[in-house]
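Data first, discussion second: the structure below is written as structure tokens.
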Amino acid sequence: MIEEIKKIPLATFLSQLGYEPAYRRGNGLWYRSPLRQENTPSFKVQLDKNTWYDFGIAKGGTIIDLAAELYHSEDIRYLMDCIVKCCPVPSAQTVASSYAPRHYAPSFENIKIVPLGNPALLAYLKERGIPAHIAKANCKEAHYTLNGRPYFAVAFPNISSGVELRYPNKNKIQTSSVKPILCSQFYI
Numbered sequence: 421m422i423e424e425i426k427k428i429p430l431a432t433f434l435s436q437l438g439y440e441p442a443y444r445r446g447n448g449l450w451y452r453s454p455l456r457q458e459n460t461p462s463f464k465v466q467l468d469k470n471t472w473y474d475f476g477i478a479k480g481g482t483i484i485d486l487a488a489e490l491y492h493s494e495d496i497r498y499l500m501d502c503i504v505k506c507c508p509v510p511s512a513q514t515v516a517s518s519y520a521p522r523h524y525a526p527s528f529e530n531i532k533i534v535p536l537g538n539p540a541l542l543a544y545l546k547e548r549g550i551p552a553h554i555a556k557a558n559c560k561e562a563h564y565t566l567n568g569r570p571y572f573a574v575a576f577p578n579i580s581s582g583v584e585l586r587y588p589n590k591n592k593i594q595t596s597s598v599k600p601i602l603c604s605q606f607y608i
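The opening position of the sequence shown corresponds to residue 421 in this note's numbering, with each subsequent residue numbered one higher.
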């Protein structure tokens, strides 16, 4: 029964509780958190994985985890009952959600890794408390195009044998579609 409940679309569950997404970006629906008061949407439902994450409290999980937060309980039977009262358990032939996931692959091209030296990137790292001499010893500067648009960012190796990219954009950090990109140029 738990597996069937986990198949209930989170967007449907939230809608039944009176929460509608503020906007959609890719496979994610962004809400104002149902767990706390906020003005800027920071609660994300990942449609392709049917999971949620609240960036304001750094918690996430499945529909059961969300119910545990909403109903302040860890009693699985109680939580399952609350969920089923709100949303019927989907049958084997689940009707596709109106928020069907979009499938696309970002297109990285013209990746160049050069020594870190861009003043904007160095200032960004300084704001983050990283001195220039440490940044230059451990990071590089990446220049690339993503879906035809040019970008540059701080680059550093990650544990997936790839490269993490960070850019000092005040509205968002451009990493959701960037990591990990495999880049052997980093070690040159």
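Beta carbons are placed, not taken as given, at the ideal position from N, Cα and C, and that holds for glycine.
If only complete runs of 3 or more residues are kept, the segment 554 to 587 shows the beta strand (DSSP E) at 560 to 566, 569 to 577 and 583 to 586, in order along the chain.
In the DSSP annotation of this structure, the continuous segment of the alpha helix (DSSP H) that includes T432 starts and ends at L430 to Q436. Taking the CA atoms as reference points, F463 sits about 28 Å from P577.
Inter-residue distance for V574 and G582 is about 13 Å (C-alpha atoms, whole angstroms).
Secondary-structure assignment with DSSP links P535 through a beta bridge to K560. Y439 carries a coil assignment under DSSP once its states are collapsed to helix, strand and coil.
Put simply, the backbone Cα of G480 is about 34 Å away from that of I533. The C-beta distance from L536 to C502 rounds to 51 Å, too long to meet the 8 Å contact threshold. Under the DSSP assignment, D495 falls outside any beta strand (DSSP E); it carries neither an H nor an E label.
Counting the other Cβ atoms within 10 Å of the Cβ of A562 gives 16 or more, which makes it buried. In the same chain as Y473, and ignoring 5 residues on each side of it, the C-beta atoms closer than 7 Å to its own belong to K464 and G480, in chain order.
Here DSSP, grouped into helix, strand and coil, assigns K546 to helix.
Bounds of the beta strand (DSSP E) holding D474 are T471 to D474. The three-state secondary structure of K464, taken from DSSP, is strand.
Y451 has F463 as its beta-bridge partners, per DSSP. Remark: C-beta atoms of P454 and Y443 do not approach each other more closely than 7 Å. Taking the C-beta atoms as reference points, L542 is found no nearer than 7 Å to A557. A residue is called buried when at least 16 other Cβ atoms come within 10 angstroms of its Cβ; P429 meets this threshold and is buried.
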